[in-house]
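Colleague: Below: one structure in structure tokens.
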Amino acid sequence: MARKGLFVTFEGIDGCGKTTQLGLSEKYLKKKGCRVTVLREPGSTPASEKIRKILLDKRLAINPISELNLYIAARAELVREIIRPALRRSEVVLCDRFYDSTVAYQGYGRGIDIRQIKRLNLLAVGDTRPDLTFLVDIDYKTSLLRRKKGEDRLESESRAFFNRVRKGFLEIARKEKRRIHVLDGRNSVEEIFEEVKRWLHRRLRVQ
Ligand code: TMP
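If you count the sequence shown from 1, you need to add 1040 to reach my numbering.
So this is what it looks like as structure tokens:
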């Protein structure tokens, strides 16, 4: 059983398999008796879902600074409306993407100053930061093969963009080894989940 709230995030480039790992984690933890809240970013509150629609709309041209601020706005909502209350109720919060995505996509991908992004991220989240993060790492080619048809605004970006984003995620992980666990996305879903389970187990002491 979970003794206190735990905030876990899943990161990686589009098509890496993080959402599958999140779903498996949810099932596993619920079976073990944990109370679990599952969220996605951007989204998961009425306002943030509306922001998501704007962000992913392929017909819209959005400049990088507006894009950054929309992700930050969606995050500020989610943290206050759902994440903090859930953690206060001692739940396990599983979130599909969080602030590392903004550093990787808007910072490394779009080239916006990373210090400024970190400042905005902190404004949005305050003390509510992930306890544990899984980064599922795959290369661009694999990511393309795995993506569903019907690309959204971000998914239609170039190979060079995704290579920068991937490199960004790996650099973030190198700097925060205690929080972020890099998983090799070329391994099978089951193999990756064994590793995820090991870390969840360590942090939650589920039997
Ligand atoms: P998803 O496809 O994993 O739901 O994420 C939506 C898209 O938004 C994905 O292409 C990554 C992108 N994204 C950013 O560019 N910055 C962010 O801060 C977040 C959370 C997502």
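From the three backbone atoms N, C-alpha and C, an ideal C-beta is built for every residue, glycine too. These numbers come from a predicted model, not from an experiment.
1. Helix, strand or coil for Leu1134? Go by DSSP, reduced to three states.
2. With which residues is Glu1051 paired in a DSSP beta bridge?
3. May I ask which residues mark the beginning and end of the alpha helix (DSSP H) holding Thr1182?
4. Kindly confirm or deny that the segment 1215-1224 and the segment 1175-1184 touch, where touching means at least three C-beta pairs closer than 8 Å.
5. Measuring straight from C-alpha to C-alpha, what distance separates Glu1191 and Gly1055?
6. Between Ile1091, Val1132 and Gly1147, which lies nearest to Lys1071 when the distance is taken from Cα to Cα?
7. Who are the near neighbours of Ile1112 in its chain, counting only those whose CB is closer than 8 Å to its CB and skipping five residues on each side?
8. What runs of the alpha helix (DSSP H), each 4 residues or longer, lie entirely inside the segment 1055-1088?
9. Rounded to a whole number of angstroms, what is the C-alpha to C-alpha distance between Arg1204 and Ala1213?
10. In the DSSP assignment, what are the bridge partners of Leu1223?
11. Tell me the rounded alpha-carbon separation between Arg1150 and Lys1217.
12. Could you round the C-beta distance between Lys1207 and Tyr1148 to whole angstroms and report it? I think they count as a contact, below 8 Å.
13. Is Leu1046 helix, strand or coil by DSSP?
Modeller: Looking at the coordinates:
1. Here the question's residue 1134 lines up with position 94 in the sequence shown. It is a strand residue.
2. As a position in the sequence shown, residue 1051 is number 11, starting the count at 1. Note: Glu1051 sits in a beta bridge opposite Leu1175.
3. Start at 1 with the first residue of the sequence shown, and residue 1182 comes out as number 142. First-last of the alpha helix (DSSP H) with Thr1182: Tyr1180 to Arg1186.
4. Yes: the two stretches touch, three or more of their Cβ pairs being nearer than 8 Å.
5. Here residue 1191 is taken as the residue at index 151 of the sequence shown, counted from 1. Here residue 1055 is taken as the residue at index 15 of the sequence shown, counted from 1. Roughly 11 Å separates the two Cα atoms.
6. The residue labelled residue 1071 in the question sits at position 31 within the sequence shown. The candidate whose alpha carbon is nearest that of Lys1071 is Val1132.
7. As a working mapping, residue 1112 is identified with position 72 in the sequence shown. Correct list, in chain order: Thr1142, Leu1160, Asn1161, Leu1163 and Ala1164.
8. 1058-1071
9. As a working mapping, residue 1204 is identified with position 164 in the sequence shown. As a working mapping, residue 1213 is identified with position 173 in the sequence shown. If I take the Cα positions, the gap works out to 14 Å.
10. On the sequence shown, position 183 is the one that residue 1223 refers to. Per DSSP, Val1176.
11. Locating residue 1150 in the sequence shown gives position 110, where the first residue counts as 1. Locating residue 1217 in the sequence shown gives position 177, where the first residue counts as 1. The straight-line gap from Cα to Cα measures roughly 24 Å.
12. Mapped onto the sequence shown, residue 1207 falls at position 167. Mapped onto the sequence shown, residue 1148 falls at position 108. At roughly 6 Å, the Cβ-Cβ gap stays under 8 Å, so Lys1207 and Tyr1148 are in contact.
13. Within the sequence shown, the letter at position 6 stands for residue 1046. DSSP places Leu1046 in strand when its eight states are reduced to three.
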